[in-house]
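Counting in my numbering, the sequence shown runs from 62 upward without gaps.
Note that CB positions come from ideal geometry on N, CA and C, so glycine has one too.
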Amino acid sequence: MKVLIVGGGGREHAIAWKVAKSPKVEKLYCAPGNAGIAEVAECVNIGVMEFDKLTAFARENQIDLTIIGPDDPLAAGAVDAFEAAGLRVFGPRKNAAILEASKAFSKDLMKKYGIPTAAYETFTSPEAALAYLETAKMPIVLKADGLALGKGVLICKDLEEAKEGVKTLMLDKQFGSAGDEIVIEEFMTGREVSVLSFVDGKTIKIMTSAQDHKRAKDGDQGLNTGGMGTFSPSPFYTADVDAFCKEHIYQKTVDAMRAEGREFKGIIFFGLMLTADGPKVLEYNARFGDPETQVVLPRMKNDIVDLFEACIDGTLDQVNLQFEDNAAVCVVLASDGYPEHYEKGFPIHGLEHFKDADGYYVFHAGSKFDADGQIVTNGGRVLGVTATGKTLKEARTNAYKATEFITFDNKYMRHDIGKAIDEA
Ligand code: AMP
Ligand code: GLY
Numbered sequence: 062m063k064v065l066i067v068g069g070g071g072r073e074h075a076i077a078w079k080v081a082k083s084p085k086v087e088k089l090y091c092a093p094g095n096a097g098i099a100e101v102a103e104c105v106n107i108g109v110m111e112f113d114k115l116t117a118f119a120r121e122n123q124i125d126l127t128i129i130g131p132d133d134p135l136a137a138g139a140v141d142a143f144e145a146a147g148l149r150v151f152g153p154r155k156n157a158a159i160l161e162a163s164k165a166f167s168k169d170l171m172k173k174y175g176i177p178t179a180a181y182e183t184f185t186s187p188e189a190a191l192a193y194l195e196t197a198k199m200p201i202v203l204k205a206d207g208l209a210l211g212k213g214v215l216i217c218k219d220l221e222e223a224k225e226g227v228k229t230l231m232l233d234k235q236f237g238s239a240g241d242e243i244v245i246e247e248f249m250t251g252r253e254v255s256v257l258s259f260v261d262g263k264t265i266k267i268m269t270s271a272q273d274h275k276r277a278k279d280g281d282q283g284l285n286t287g288g289m290g291t292f293s294p295s296p297f298y299t300a301d302v303d304a305f306c307k308e309h310i311y312q313k314t315v316d317a318m319r320a321e322g323r324e325f326k327g328i329i330f331f332g333l334m335l336t337a338d339g340p341k342v343l344e345y346n347a348r349f350g351d352p353e354t355q356v357v358l359p360r361m362k363n364d365i366v367d368l369f370e371a372c373i374d375g376t377l378d379q380v381n382l383q384f385e386d387n388a389a390v391c392v393v394l395a396s397d398g399y400p401e402h403y404e405k406g407f408p409i410h411g412l413e414h415f416k417d418a419d420g421y422y423v424f425h426a427g428s429k430f431d432a433d434g435q436i437v438t439n440g441g442r443v444l445g446v447t448a449t450g451k452t453l454k455e456a457r458t459n460a461y462k463a464t465e466f467i468t469f470d471n472k473y474m475r476h477d478i479g480k481a482i483d484e485a
């Protein structure tokens with residue numbers, strides 16, 4: 062079969078790498094892709110929001126299956142556009158992608174169906190939000206309703222910061238219309254765990270757990286980023302936590318979406334916080350996590366195309382989803398200065414050292430070919446260096462060893478990815 066992947070980051074490289082392993086796939090395309098994805102797929106120069114061009118390409122090239130990677134096209138109805146063109150596509154429709162695209166929607170859904178999450182209120186008027194803050198308990202969390210590249214969440218330690226936050230989101234519109242409505246919610250403490258799942262509208266199959274590192278600097282200091290590294294599994298995701306989430310969170314979410322007339326087919330990413338009162342949902346994403354995917358898919362035993370097909374066909378209950386009994390760690394190599402100001406265009410050396418057979422993987426997040434055909438840096442996050450091992454500690458040692466294979470000017474990484482493993 063012929064497969065098209067839409068997207069061009071580390072997540073899509075990991076998906077493409079996994080799809081390319083399927084014996085069913087004879088030709089793989091990726092739009093727009095990147096220099097790493099080009100090793101396993103033919104890259105097509107079409108942007109992720111150019112639905113007319115994407116569907117025309119899929120029709121002309123008789124694509125049998127399209128997988129939409131990022132949140133923006135899903136929220137804008139990419140799946141609906143493919144379906145309207147009579148094409149087979151993996152991902153939630155627009156009316157289901159709202160699970161991620163509107164935090165007010167997802168919070169109201171959780172409240173209505175009794176899914177554990179932080180207490181909250183929603184506001185469309187800055188005056189009402191400011192009045193509410195006067196009597197609220199601090200610290201407190203403000204969230205822009207809409208998609209804001211993971212940056213629309215403000216943790217405010219006191220009333221002054223919270224008032225400033227309302228101004229940033231609702232009056233200065235730092236995240237545009239994403240801040241037309243905001244959620245103000247209780248500040249929770251605990252460990253965070255990411256759990257990805259396949260969903261076919263009715264059945265949900267949970268993948269192995271992972272943990273992200275969102276801050277730019279060691280010791281969880283610095284600004285929030287798209288993610289500086291991950292490990293999988295999370296040793297804090299115990300059998301008890303799993304049992305609780307299976308009873309109170311996972312299936313309930315799928316059933317709630319169906320009951321609302323918003324049947325969800327695709328990936329649900331549960332951002333969980335393990336609080337003293339039990340696991341609670343921090344957020345939902347309607348897609349694979351980045352860089353969680355870079356540690357989860359190298360551990361997956363199944364042919365991923367079977368999972369995509371089962372989700373589309375509603376036959377997920379018949380699939381036995383399995384993961385290796387090992388561990389993986391991903392360390393992101395970024396451009397110094399990310400997530401603020403950084404330079405691009407530096408040659409990347411050492412990519413030839415990575416061979417699947419050794420348990421080392423390099424997933425490209427921001428790379429491209431320059432005019433001479435040399436692979437150069439092309440983003441804040443450049444590469445996700447992943448290694449597997451029998452244990453988390455072994456995987457971590459291997460991943461940091463593999464970061465040394467790579468050199469480029471302004472290379473920056475955190476040195477404490479997976480430090481939490483030592484506390485388990
Ligand atoms: P979100 O995009 O909603 O996952 O939020 C981004 C990050 O903000 C999360 O990964 C948490 O680290 C933090 N966060 C979000 N909501 C809360 C909360 N209610 N209490 C404490 N931290 C939070
Ligand atoms: N790693 C978090 C996310 O993909 O949103």
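If you measure from the CB of residue i, is any heavy atom of ligand 4 nearer than 7 Å?
i	result
Glu253	For ligand 4, the structure offers nothing, since it holds only ligand 1 and ligand 2.
Between the alpha carbons of residue i and residue j, how many angstroms are there, rounded?
i	j	result
Val356	Lys416	16 Å
Phe143	Arg149	7 Å
Lys85	Ile66	15 Å
Asp133	Asn346	11 Å
Ala205	Glu87	43 Å
Ile216	Phe166	20 Å
Leu115	Ile128	12 Å
Phe248	Asp431	46 Å
Ser255	Glu221	31 Å
Ser295	Ala158	26 Å
Thr178	Gly138	27 Å
Ala102	Pro187	48 Å
Asp301	Arg457	26 Å
Arg442	Pro408	15 Å
Lys203	Tyr181	Reading off the sequence shown, one finds Leu at residue 203, where the question assumed Lys. Each residue's alpha carbon lies about 10 Å from the other.
Arg323	Phe330	17 Å
Leu257	Ile98	22 Å
Tyr174	Lys429	45 Å
Leu335	Ala197	23 Å
Ile201	Glu246	6 Å
Thr264	Asp316	9 Å
Quick check on this structure: which residue in the options has the alpha carbon closest to the alpha carbon of residue i?
i	options	result
Ile436	Gly406, Val86, Pro200, Asn459	Gly406
Leu377	Lys204, Val260, Ile329	Val260
Glu121	Pro153, Lys472, Val64, Val254	Val64
Leu510	Lys307, Leu412, Leu126	Given that the chain is displayed from residue 62 to residue 485, the structure contains no residue 510 and the question cannot be resolved.
Glu111	Glu308, Ser83, Val140, Asp419	Val140
Lys155	Gly327, Asp233, Thr185	Gly327
His476	Ala460, Ala137, Asp233, Leu230	Ala460
Leu230	Thr250, Ala209, Glu246	Ala209
Asn471	Ala300, Ser396, Asp273	Ser396
Thr185	Lys228, Ile159, Ala145, Ala146	Lys228
Lys352	Ile478, Asp303, Ala463	For clarity, residue 352 is Pro in the given sequence; the question names Lys instead. That would be Ile478, whose Cα lies nearest to the Cα of Pro352.
Glu404	Ile98, Phe325, Gly427	Gly427
Val214	Thr354, Ile482, Thr336, Glu344	Glu344
Pro93	His74, Val80, Phe331, Ala81	His74
Asp169	Gly350, Glu321, Ala389, Lys451	Glu321
Tyr193	Lys278, Met334, Val244	Val244
Gly398	Ala96, Glu455, Asp303, Tyr473	Tyr473
According to DSSP, which residues form a beta bridge with residue i?
i	result
Ala448	Val390, Tyr421
Pro93	Gly68
Leu126	Val64
Arg442	Ala395
His274	BP columns for His274 are empty, so no partner.
Ile216	Val202
His410	Thr468
Cys104	Cys91
Let's see if you can read the secondary structure: which residues bound the beta strand (DSSP E) around residue i?
i	result
Pro340	339-346
Phe236	That residue, Phe236, is in no beta strand (DSSP E); it is neither H nor E in DSSP.
Glu247	243-247
Phe331	326-336
Thr468	No beta strand (DSSP E) holds Thr468; DSSP gives it neither H nor E.
Arg120	Run containing Arg120: none in the beta strand (DSSP E); it sits in the alpha helix (DSSP H), 112-121.
Asp261	252-261
Assuming residue i and residue j are in contact, meaning their beta carbons sit under 8 Å apart, how far apart are those beta carbons, in whole angstroms?
i	j	result
Gly290	Cys391	6 Å
Lys224	Met199	Contact flag wrong, Cβ pair sits at about 11 Å.
Gly226	Pro131	Wrong, their Cβ atoms sit about 26 Å apart, outside the cutoff.
Pro359	Leu284	Not confirmed; about 28 Å, so no contact.
Thr183	Glu253	The Cβ separation is near 23 Å, so there is no contact.
First and last residue of the alpha helix (DSSP H) that includes residue i?
i	result
Asp141	139-145
Asn156	155-162
Arg360	Per DSSP, Arg360 belongs to no alpha helix (DSSP H) and is neither H nor E.
Asn459	453-464
Tyr193	187-196
Thr314	312-320
Phe305	300-306
Leu135	132-136
Would you verify that the beta carbon of residue i is, or is not, closer than 8 Å to some beta carbon of chain C?
i	result
Asn387	Reference to chain C is not applicable here, since this structure consists of a single protein chain.
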